[in-house]
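Numbering-wise (our numbering), the sequence shown opens with residue 7 and increments by one.
Think of the CB as a built atom: it goes at the ideal place given N, C-alpha and C, for glycine as much as any other residue.
Just so we're clear, the structure is a prediction, and the values are computed from it rather than from any experiment.
Inspection log for the structure reproduced underneath, given as structure tokens.
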Amino acid sequence: MILAAFSIAMRYAGPKDALFLGIVRKNFGCSHYIVGRDQAGVGRYYDPYEAHRIFDAFPIGITPVRYEETFFCRRCGWMATEKTCPHPTSDRLDTSQTRIRRELAAGNPPPSELVRPEVAAILREPDVLVV
Ligand SMILES: [Zn+2]
């Protein structure tokens, strides 16, 4: 088994982009393809799990490994999903990178469970953060 990264520019074309990337990986000999929540999505344009479902409509000969939304659970003490964490949403921290960038840009430090304070300090420096 080989777990490998494949460097290609994201086109942000939603589920069709995810399918395209799956076809490319299959052509490189991959047997499985990790499909994230809102893979290749832009904002809220696509349903967050539309890229998961397109592999059911177009079986391309690669096994999609569907990842759900992840979050940090304060009670578990690590990253989790609905499948791995039984705790209520009040124990969960949203890991949205967009939200974290906005908080940093507004001068608000993100939770230390998500971004180390030393890293947050660097990211808050002028000309470092890209929003
Ligand atoms: Zn938990």
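Taking each of S13, H58 and M85 in turn and checking the Cα distance to R31, the smallest one comes out for S13. In this structure, the alpha-carbon of R130 lies about 7 Å from that of G113. At least one heavy atom of ligand 1 sits closer than 7 Å to the Cβ of A86. DSSP places P70 in the strand class (E or B) of the three-state scheme. Among the bridge pairs identified by DSSP, I40 is matched with V71.
The DSSP assignment places complete beta strand (DSSP E) segments of no fewer than 3 residues inside the stretch 84 to 120 at 84 to 86 and 98 to 100, in order along the chain. Every residue with a CB closer than 5 Å to a heavy atom of ligand 1 is listed here in chain order: C79, R81, C82, C91 and H93.
Boundaries of the beta strand (DSSP E) around F77: F77 to C79.
Exclusion of the five residues before and after Y51 leaves G20 as the residues of its chain whose Cβ lies within less than 8 Å of its Cβ. With at least 16 other beta carbons inside 10 angstroms of its own, L25 counts as buried.
Taking the Cβ atoms as the reference, I106 lies roughly 5 Å from P116, within the contact range of under 8 Å.
Boundaries of the alpha helix (DSSP H) harbouring V30: G20 to N33, taken from the DSSP string. For the pair E124 and L99, the CB atoms are not nearer than the 8 Å cut-off.
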